[in-house]
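Read through the structure below, which is laid out as structure tokens, and then see the notes.
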Amino acid sequence: MKVLVIGAGLVGTEVGARLKALGHEVAGTTTTPGKVDGLREHFDAVYVLRGSDREAVAAAVAGHDAVVVAAGPNAQRAMTPEDRAASYREILVDTAESVVAADGSPYLVALSSLSVYGDAQDDLAEVTEDGPVTDSPDPSPTMFLAMERVYLDRAGDRAVVFRCGDIFGAGDPPIEAKVGMAHQYLGGSVPFSGDALFYRLAVEDAADAIVHALEARITGLHNLTHAEVPPTNAALFDAISATQGLPALVYRDEIASPKRPISVARLSATGFTASRSYDAATLQAGLSS
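For the sequence shown, the UniProt record's numbering assigns the number 1 to the initial residue and increments by one for each residue that follows.
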């Protein structure tokens with residue numbers, strides 16, 4: 001199979017390496033020319049392009065059996081609504097428009113976010129793919145939902161969208177370091193909700209789910225995270241802050257996330273379970289607080 005991975009970052013590089021090891025022909029993309037040489041270890045070909053460049057994306061997509069869109073917003077450009085508004089449309093929606101406009105009919109895999117639910121299902125027992133999504137005007141869920149509609153409305157019979165927990169792994173700083181940075185660089189204030197559940201996704205699980213999708217050709221929406229119920233953001237982060245001698249964080253509630261357990265039954269029914277995403281050792285601090 002010939003696969004194009006748009007966005008050779010944390011997830012994209014992991015996917016490229018997996019697919020290449022399985023014997024597939026894999027191309028990747030980056031927006032940074034200086035990264036090309038390093039990425040050649042994981043990909044058979046590397047293209048420098050922006051997802052919003054329709055001609056460049058169309059040329060890259062040509063001849064591929066499947067396209068994995070792993071490009072996602074940079075966390076450093078997501079701390080304020082203004083930053084999110086400036087970057088999310090290009091990275092998410094414009095890339096989706098470019099991919100579905102390309103010639104051919106490749107199978108499509110795209111990564112979305114659990115933030116699209118916001119607090120819309122907090123009155124239900126669990127959060128499912130068929131339940132309501134947020135009506136928040138924040139650019140994060142707004143742009144993720146717009147991206148989802150592009151793929152599902154225009155390529156629904158050949159597209160799968162994974163709504164993911166916060167992805168971590170490789171050189172990603174540990175939770176303790178991120179809490180410290182929130183105090184040091186953000187003044188102890190973060191844009192999400194304190195009482196939302198802290199769902200995560202290991203990059204290895206993300207890559208395995210994408211490979212599973214390519215092999216099983218699943219379609220539609222699927223929640224992708226661990227089945228275990230985690231502590232809330234505030235319970236975990238404030239416990240970590242206390243161990244560092246720091247005050248509790250301030251939660252601005254700009255990006256609401258679910259406070260109810262996330263159902264992963266739909267994806268499990270296809271034969272996949274995220275088995276490496278629940279970090280019990282780290283999360284125990286929040287569970288016991």
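No residue lacks a Cβ here, since even glycine has one placed at the ideal position from N, Cα and C.
The C-alpha of I210 lies about 13 Å from the C-alpha of L10. Between L111 and A86, the gap from beta carbon to beta carbon reaches 8 Å or more.
Here D166 is bridged, per DSSP, to R200. The secondary-structure analysis by DSSP pairs K2 across a beta bridge with E25.
When C-alpha distances from S140 are compared across Y117, D122, H183, the shortest belongs to Y117. About 6 Å separates the Cβ atoms of V15 and V68, confirming a contact at the 8 Å cut-off. One alpha carbon belongs to F192, the other to N233, and they sit about 9 Å apart. In the assembly as shown, R40 is an exposed residue. Its beta-carbon has fewer than 16 other beta-carbons within 10 Å. Per DSSP, R252 is one residue of the beta strand (DSSP E) stretching across 250 to 255.
Fewer than three beta-carbon pairs drawn from the stretch 57 to 68 and the stretch 242 to 249 are found closer than 8 Å, and the two stretches are therefore not classed as touching. Along the stretch 171 to 239, the alpha helix (DSSP H) occurs as fully enclosed runs of 4 or more residues at 175 to 185, 203 to 216, listed in sequence order. P258 counts as buried, since no fewer than 16 other beta carbons sit within 10 angstroms of its beta carbon. By the Cβ rule, the stretch 213 to 225 does not count as touching the stretch 172 to 181, because fewer than three pairs are nearer than 8 Å.
In this structure T225 is buried. Its beta-carbon is surrounded by 16 or more other beta-carbon atoms within 10 angstroms. The straight-line gap separating the alpha-carbon atoms of E126 and S277 is approximately 19 Å.
Rounded to whole angstroms, the separation of the alpha carbons of P73 and Q184 is 22 Å. Per DSSP, L145 is one residue of the alpha helix (DSSP H) stretching across 139 to 155. E90 has its alpha-carbon roughly 13 Å from the corresponding atom of I6.
By the CB criterion at 8 Å, V36 and V48 fall inside the cutoff.
Residue state for V133 is assigned as coil, using DSSP reduced to three classes. The alpha-carbon separation between D208 and S275 amounts to approximately 10 Å. As far as DSSP is concerned, S98 takes part in no beta bridge. When only Cα atoms are considered, G38 and S98 end up about 26 Å apart.
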